[in-house]
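Engineer: Dropping the structure in here first, questions after.
Protein chains: 2
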Amino acid sequence: MDGDAGQIGTAVDILRQRFGDRLTTNDTIRDRHGTDESYHAPKAPDAVVFPQTREEVQEIVRICAGHRTPIIPFGVGTSLEGHIAALQGGVSIDLGQLNSVFRVNAADLDVTVEAGVTRKQLNKHLRDTGLFFPIDPGADATIGGMSATRASGTNAVRYGTMRENVLSLGVVLPDGKYIRTGKRARKSSAGYDLTRMFVGSEGTLGVITDITLRLYGIPEMISSAICTYPTVDDAVNTVILTIQSGVPIARIELIDEVQMQALNKFAGLGYAEWPTLFFEFHGTEAGVAEQIESVKTISDDFGGADFAWASKAEDRSKLWQARHDAHYANMQLRPGAKAWPTDVCVPISRLGECIAETRKDIEESGLLAPIVGHVGDGNFHVDMVLNPDDGDEVARAVALNERLVSRALSMDGTCTGEHGVGYGKIDKLVEEHGETAIDVMRGLKQSIDPLNLMNPGKIVRL
Amino acid sequence: MDGDAGQIGTAVDILRQRFGDRLTTNDTIRDRHGTDESYHAPKAPDAVVFPQTREEVQEIVRICAGHRTPIIPFGVGTSLEGHIAALQGGVSIDLGQLNSVFRVNAADLDVTVEAGVTRKQLNKHLRDTGLFFPIDPGADATIGGMSATRASGTNAVRYGTMRENVLSLGVVLPDGKYIRTGKRARKSSAGYDLTRMFVGSEGTLGVITDITLRLYGIPEMISSAICTYPTVDDAVNTVILTIQSGVPIARIELIDEVQMQALNKFAGLGYAEWPTLFFEFHGTEAGVAEQIESVKTISDDFGGADFAWASKAEDRSKLWQARHDAHYANMQLRPGAKAWPTDVCVPISRLGECIAETRKDIEESGLLAPIVGHVGDGNFHVDMVLNPDDGDEVARAVALNERLVSRALSMDGTCTGEHGVGYGKIDKLVEEHGETAIDVMRGLKQSIDPLNLMNPGKIVRL
Numbered sequence: 001m002d003g004d005a006g007q008i009g010t011a012v013d014i015l016r017q018r019f020g021d022r023l024t025t026n027d028t029i030r031d032r033h034g035t036d037e038s039y040h041a042p043k044a045p046d047a048v049v050f051p052q053t054r055e056e057v058q059e060i061v062r063i064c065a066g067h068r069t070p071i072i073p074f075g076v077g078t079s080l081e082g083h084i085a086a087l088q089g090g091v092s093i094d095l096g097q098l099n100s101v102f103r104v105n106a107a108d109l110d111v112t113v114e115a116g117v118t119r120k121q122l123n124k125h126l127r128d129t130g131l132f133f134p135i136d137p138g139a140d141a142t143i144g145g146m147s148a149t150r151a152s153g154t155n156a157v158r159y160g161t162m163r164e165n166v167l168s169l170g171v172v173l174p175d176g177k178y179i180r181t182g183k184r185a186r187k188s189s190a191g192y193d194l195t196r197m198f199v200g201s202e203g204t205l206g207v208i209t210d211i212t213l214r215l216y217g218i219p220e221m222i223s224s225a226i227c228t229y230p231t232v233d234d235a236v237n238t239v240i241l242t243i244q245s246g247v248p249i250a251r252i253e254l255i256d257e258v259q260m261q262a263l264n265k266f267a268g269l270g271y272a273e274w275p276t277l278f279f280e281f282h283g284t285e286a287g288v289a290e291q292i293e294s295v296k297t298i299s300d301d302f303g304g305a306d307f308a309w310a311s312k313a314e315d316r317s318k319l320w321q322a323r324h325d326a327h328y329a330n331m332q333l334r335p336g337a338k339a340w341p342t343d344v345c346v347p348i349s350r351l352g353e354c355i356a357e358t359r360k361d362i363e364e365s366g367l368l369a370p371i372v373g374h375v376g377d378g379n380f381h382v383d384m385v386l387n388p389d390d391g392d393e394v395a396r397a398v399a400l401n402e403r404l405v406s407r408a409l410s411m412d413g414t415c416t417g418e419h420g421v422g423y424g425k426i427d428k429l430v431e432e433h434g435e436t437a438i439d440v441m442r443g444l445k446q447s448i449d450p451l452n453l454m455n456p457g458k459i460v461r462l
Numbered sequence: 463m464d465g466d467a468g469q470i471g472t473a474v475d476i477l478r479q480r481f482g483d484r485l486t487t488n489d490t491i492r493d494r495h496g497t498d499e500s501y502h503a504p505k506a507p508d509a510v511v512f513p514q515t516r517e518e519v520q521e522i523v524r525i526c527a528g529h530r531t532p533i534i535p536f537g538v539g540t541s542l543e544g545h546i547a548a549l550q551g552g553v554s555i556d557l558g559q560l561n562s563v564f565r566v567n568a569a570d571l572d573v574t575v576e577a578g579v580t581r582k583q584l585n586k587h588l589r590d591t592g593l594f595f596p597i598d599p600g601a602d603a604t605i606g607g608m609s610a611t612r613a614s615g616t617n618a619v620r621y622g623t624m625r626e627n628v629l630s631l632g633v634v635l636p637d638g639k640y641i642r643t644g645k646r647a648r649k650s651s652a653g654y655d656l657t658r659m660f661v662g663s664e665g666t667l668g669v670i671t672d673i674t675l676r677l678y679g680i681p682e683m684i685s686s687a688i689c690t691y692p693t694v695d696d697a698v699n700t701v702i703l704t705i706q707s708g709v710p711i712a713r714i715e716l717i718d719e720v721q722m723q724a725l726n727k728f729a730g731l732g733y734a735e736w737p738t739l740f741f742e743f744h745g746t747e748a749g750v751a752e753q754i755e756s757v758k759t760i761s762d763d764f765g766g767a768d769f770a771w772a773s774k775a776e777d778r779s780k781l782w783q784a785r786h787d788a789h790y791a792n793m794q795l796r797p798g799a800k801a802w803p804t805d806v807c808v809p810i811s812r813l814g815e816c817i818a819e820t821r822k823d824i825e826e827s828g829l830l831a832p833i834v835g836h837v838g839d840g841n842f843h844v845d846m847v848l849n850p851d852d853g854d855e856v857a858r859a860v861a862l863n864e865r866l867v868s869r870a871l872s873m874d875g876t877c878t879g880e881h882g883v884g885y886g887k888i889d890k891l892v893e894e895h896g897e898t899a900i901d902v903m904r905g906l907k908q909s910i911d912p913l914n915l916m917n918p919g920k921i922v923r924l
């Protein structure tokens with residue numbers, strides 16, 4: 001249900017007067033801003049506005065709030081649970097022009113950026129400092145979007161997720177006021193943890209406009225390798241033992257044989273089409289050698305082939321780019337298909353069982369559904385490649401996802417490791433947390449956004 | 463101002479009927495439960511009740527809520543900003559009998575404990591598993607209390623604080639309902655981060671009854687050392703360079719010459735009374751050797767004496783026990799004195815300047831005030847040893863703390879690195895975050911605890 005069309009119209013008129021060409025109601029652009037990379041139905045906003053400063057974001061929010069107009073913050077639109085669909089109409093705030101890297105504090109290993117800076121842009125900016133920012137969801141998402149969805153990616157097993165790597169945030173609240181959630185100290189016990197409250201809030205509590213992030217020194221030594229296994233079970237068991245033995249591995253990614261075929265085809269690669277792990281080791285030269293030795297011993301026990309090394313930076317980038325392209329590669333497997341990635345995360349001790357049962361489900365479902373995963377965290381995705389017009393196929397996909405989420409929850413896992421809730425997983429969230437905890441979340445939302453204007457219809461139903 | 467005495471009296475009567483001997487109004491016990499280890503004025507609750515199960519906590523909270531009676535959760539009473547003072551009267555819930563370690567999941571490196579389990583009890587329990595829990599505030603605090611204050615300690619530089627190490631919590635809400643804030647998955651994007659909302663909430667949002675924690679494998683190799691420096695500046699510069707060069711040091715603690723004297727006297731030790739760093743290195747044998755070499759090179763550049771090693775487990779415990787006794791050692795420096803520990807934390811690049819200016823302030827104040835710090839995090843404490851009856855001395859201490867907090871904030875630091883807010887730092891919190899952010903905190907508090915019964919008068923003024 002849309003907000004009051006008259007009120008929204010008035011807000012758009014005022015915004016047009018104020019922002020001129022930087023507000024648009026062009027259909028293509030509106031559609032683009034209501035459509036993410038998910039399977040879920042898109043919904044275009046009434047208008048899109050392109051602010052250039054935090055103060056302009058404040059103005060926009062004040063105008064919208066004054067006319068009860070929903071506000072949907074937009075980064076690059078790569079979310080996967082319908083996060084940016086303008087379910088109740090309103091104005092999409094495209095933060096792409098807030099794209100300055102404000103301040104690299106090399107001595108403190110932190111940086112402050114505007115919300116529209118993308119992760120690749122940031123790492124390019126950091127190139128000459130010897131520092132890097134490790135969090136890497138597949139897409140070249142914005143730091144604002146990554147903060148808003150509590151993103152992670154392949155490096156999280158060693159470096160943590162956005163939860164651990166956002167030091168503080170600047171947020172425009174639903175009434176247009178601006179706050180910073182913290183200082184640059186590495187730790188603090190100064191009151192309620194507002195930083196962590198906004199990380200993962202998916203635009204429902206305010207517009208994140210700037211972010212202070214932790215950075216890391218580029219390791220003295222980086223080695224990447226790939227290794228194939230007789231079965232997915234063997235690959236998963238290699239992961240489980242690696243994690244349990246405390247090896248500080250930087251990346252350990254599972255790609256099943258179906259996913260490997262898709263990657264080869266998409267990127268013109270010649271990898272063997274077996275269950276595969278992609279590894280990366282970070283450390284000093286001696287430290288990396290030690291890690292490799294430990295992992296090789298484990299890997300050998302599970303029938304792993306010899307590691308194929310990617311030691312040159314260029315080969316490493318190619319390898320990881322292939323991994324990050326998985327979702328796009330899968331969509332190319334069938335012309336006109338859409339890919340729907342599931343996203344559960346379970347305790348590592350249950351990972352083997354969870355993946356094995358899920359593979360049985362996939363087989364029985366008859367769906368084309370490669371598996372790929374940040375398995376060091378217990379997180380994996382079944383990327384269901386669907387003909388969206390085939391009702392029966394869609395029904396089987398829905399059923400597969402239902403079973404997968406229920407299984408993960410029964411194993412003390414979560415319905416979403418990194419993609420977030422959007423509107424696609426609102427009911428799953430209730431299943432995971434229970435009504436009482438969801439009520440606490442509702443109270444939180446209502447205390448900060450009493451008019452329910454910030455990205456309404458996401459995370460919790462009010 | 464106390465709550466309604468009649469209502470509180472009724473609640474206490476009902477609780478007495480229900481809990482018999484496990485409720486007391488004995489003066490000594492009440493005083494003990496309203497008195498923490500801080501300099502701030504204590505205030506006894508009207509009664510203390512000793513539940514044995516989470517369900518009993520729920521009953522107590524329901525009875526109190528039904529009679530508008532303030533509730534103050536109590537661990538072992540080692541807080542440092544007046545956290546447990548019953549400012550408006552009410553009932554102290556002593557969680558000491560909720561002291562079971564529920565479940566060690568060695569394969570997933572996690573454990574679930576009840577709130578009353580202390581950190582030493584937990585590590586004793588884990589003894590035969592090869593695992594340990596690293597967070598160690600000076601006192602043998604409870605895991606519930608440590609979660610509630612977002613505690614850290616000497617290992618935080620490597621292992622993080624309670625923020626990073628609590629996987630999820632069980633909480634009795636102000637209406638008596640119980641929620642778990644999450645599952646055991648290592649990461650999750652499933653909605654607002656309730657776990658982090660309760661970590662650091664100081665009993666103002668609910669009663670934490672059980673906690674799932676991350677554990678770590680005991681490193682293959684642990685080496686501790688102490689080293690003296692010509693000046694505090696030299697010691698601090700050693701720390702700054704160690705952190706900036708990315709050495710994964712487990713502990714790096716500053717003890718100034720005054721603190722060293724106090725420790726020697728208190729524990730009958732014979733350490734040289736110079737500015738000193740306590741180090742600990744965790745890793746594989748080769749990894750630790752590498753770390754030591756890196757740190758020695760830095761240390762030598764700043765005139766560090768040869769490392770004195772504590773390689774035997776027994777010597778190591780003695781060394782770290784001495785460090786943890788610092789606050790108690792200081793109180794023994796003057797008969798009848800109270801010690802008031804400050805607690806700022808600044809970005810590491812500002813640490814040298816912050817400590818140097820603070821030492822000038824201490825000198826000018828004429829106060830006896832050793833410095834000790836978790837300097838790897840940028841966190842240090844000036845432990846002001848006062849005659850509480852000497853108004854002039856107290857005034858100088860207040861002024862010193864004011865200047866210190868303002869200095870830390872001006873350096874983009876925080877007013878409290880690990881002790882929390884209690885009622886001692888309510889105004890400092892406003893100085894740090896600004897009124898708008900404090901309003902967000904107030905809204906959060908009111909949404910969860912609309913009757914303001916949970917530890918009222920702490921963190922924010924309503």
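Heads up: the sequence lines are chains G and R, in that order.
Following the working numbering from start to finish, the first sequence increments by one per residue and tops out at 462.
Following the working numbering from start to finish, the second sequence increments by one per residue and tops out at 924.
Built from N, CA and C at the ideal position, the CB exists for glycine as well.
Computed from a predicted structure; not experimentally measured.
Entirely within the region 686-763 of chain R and at least 3 residues each: give me those beta strand (DSSP E) ranges in chain order.
Structural biologist: Counting only runs of 3 or more, we get 713-717, 738-745.
Engineer: Distance cutoff 8 Å, beta carbons only. Does R/I921 sit that close to anything in chain G?
Structural biologist: Yes, R/I921 counts as interfacial toward chain G.
Engineer: Against chain G, does R/T876 count as a neighbour if the rule is that its beta carbon must be under 8 Å from one of theirs?
Structural biologist: Answer yes: the Cβ-Cβ gap between R/T876 and chain G drops below 8 Å somewhere.
Engineer: Taking the continuous beta strand (DSSP E) assigned at R/A784, which residues delimit it?
Structural biologist: Run containing R/A784: none in the beta strand (DSSP E); it sits in the alpha helix (DSSP H), 775-786.
Engineer: Output the distance between the C-alpha atoms of R/T955 and R/K645, rounded to the nearest integer angstrom.
Structural biologist: Any property of residue 955 of chain R remains undetermined from this structure, which presents chain R solely from 463 to 924.
Engineer: Mapping DSSP to helix, strand and coil, what is R/L954?
Structural biologist: A question about residue 954 of chain R goes unanswered here, because the residues of chain R that appear run from 463 up to 924.
Engineer: Please list the partners that G/K177 has in chain R, where partner means a Cβ-to-Cβ separation under 7 Å.
Structural biologist: Those are T898, listed as they occur along chain R.
Engineer: Please classify G/N26 as buried or exposed, where buried requires at least 16 neighbouring CB atoms within 10 angstroms.
Structural biologist: So G/N26 counts as exposed.
Engineer: Determine the direct distance from the alpha carbon of R/Y733 to that of G/I298, and round the result to whole angstroms.
Structural biologist: About 46 Å.
Engineer: Closer than 7 Å to a non-hydrogen atom of the ligand SAH - does that hold for the CB of G/K296?
Structural biologist: With respect to small molecules bound, the structure shown includes none, and the ligand SAH cannot be examined in it.
Engineer: Quick check for students: name the residue ranges of the alpha helix (DSSP H) that lie wholly in the region 22-48 of chain G, counting only runs of 4 or more.
Structural biologist: The region 22-48 of chain G contains these whole alpha helix (DSSP H) runs: 27-34.
Engineer: With 9 Å as the limit, tell me which residues of the region 274-287 of chain G have their beta carbon closer than that to any beta carbon of chain R; keep them in chain order.
Structural biologist: Answer in chain order: G283, T284, A286, G287.
Engineer: Is it right to say R/E776 is buried, meaning 16 or more other beta carbons lie within 10 angstroms of its own, or is it exposed?
Structural biologist: Per the 10 Å Cβ criterion, exposed.
Engineer: Can you pull the DSSP bridge partners for R/T616?
Structural biologist: R/T616 is not bridged to any residue.
Engineer: Could you confirm whether any beta carbon from chain G is found closer than 8 Å to the beta carbon of R/N841?
Structural biologist: Chain G contact via Cβ: present.
Engineer: Using the Cβ count rule (16 or more neighbours within 10 Å means buried), how would you classify G/F102?
Structural biologist: The residue in question, G/F102, is exposed, as its Cβ has fewer than 16 Cβ neighbours within 10 Å.
Engineer: In its own chain, which residues sit with a C-beta less than 6 Å from the C-beta of G/M441, not counting the 5 before and 5 after it?
Structural biologist: Here the set comprises V460.
Engineer: Does the beta carbon of G/T35 come closer than 8 Å to any beta carbon on chain R?
Structural biologist: Not an interface residue.
Engineer: Output yes or no for whether 8 Å exceeds the beta carbon distance between R/V633 and R/V669.
Structural biologist: A contact, by the Cβ cut-off of 8 Å.
Engineer: Any idea what DSSP makes of G/S406, helix, strand or coil?
Structural biologist: Of the three classes helix, strand and coil, the one that applies to G/S406 here is helix, per DSSP.
Engineer: If I'm right that G/E164 touches G/E220 with Cβ under 8 Å, what's the distance once you round it to whole angstroms?
Structural biologist: In fact, because the Cβ distance is near 23 Å, the residues do not count as touching under 8 Å.
Engineer: Which stretch, first to last residue, makes up the beta strand (DSSP E) that contains G/E114?
Structural biologist: Taken as a continuous stretch (DSSP letters only), the beta strand (DSSP E) holding G/E114 covers 110-114.
Engineer: Going by the DSSP bridge assignment, what does R/N567 pair with across the sheet?
Structural biologist: DSSP, once it has assigned bridges, lists R/D572 as partnering R/N567.
Engineer: Rounded to a whole number of angstroms, what is the C-alpha to C-alpha distance between G/A186 and G/L333?
Structural biologist: Per the sequence shown, the amino acid found at residue 186 of chain G is Arg instead of Ala. The straight-line gap from Cα to Cα measures roughly 45 Å.
Engineer: Tell me, please, whether the CB atom of G/C354 is closer than 8 Å to any CB atom in chain R?
Structural biologist: Chain R, which has no Cβ nearer than 8 Å to the Cβ of G/C354, makes this no.
Engineer: Assuming R/A801 and R/H789 form a contact by the criterion Cβ under 8 Å, report the distance between their Cβ atoms to the nearest whole angstrom.
Structural biologist: Rounded, the Cβ-Cβ distance is 6 Å, consistent with contact.
Engineer: For G/D193, would you say it is in contact with chain R, using Cβ-to-Cβ distances shorter than 8 Å as the test?
Structural biologist: It does: the Cβ of G/D193 has a partner Cβ on chain R nearer than 8 Å.
Engineer: Report the residue ranges of all beta strand (DSSP E) runs contained in full by the region 621-664 of chain R; include only those spanning at least 3 residues, in chain order.
Structural biologist: With a minimum length of 3 residues, the continuous beta strand (DSSP E) runs that stay inside the region 621-664 of chain R are 628-634, 640-642.
Engineer: Rounding to the nearest angstrom, what Cα-Cα distance links G/L386 and G/E364 in this structure?
Structural biologist: Cα-Cα distance, rounded: 16 Å.
Engineer: Is G/D389 closer than 8 Å to G/P174 when the C-beta atoms are compared?
Structural biologist: For G/P174 and G/D389, no; Cβs fall outside 8 Å.
Engineer: How about the region 75-92 of chain G and the region 125-134 of chain G: do they share at least three Cβ pairs that are nearer than 8 Å?
Structural biologist: As far as the Cβ criterion goes, the region 75-92 of chain G does not touch the region 125-134 of chain G, which means the pair count is below three.
Engineer: For my contact list, G/A267 and G/L254 are in at a C-beta cut-off of 8 Å; report their separation, rounded to the angstrom.
Structural biologist: So it is not a contact: roughly 18 Å between Cβ atoms.
Engineer: For G/T467 versus R/S651, is the C-beta distance shorter than 8 Å?
Structural biologist: Because chain G spans 1 through 462 in this model, residue 467 of chain G falls outside it and cannot be assessed.
Engineer: For the region 222-249 of chain G, which residues have a beta carbon sitting closer than 7 Å to at least one beta carbon of chain R?
Structural biologist: For the region 222-249 of chain G, which is checked against every Cβ of chain R, the residues closer than 7 Å are Q244, G246.
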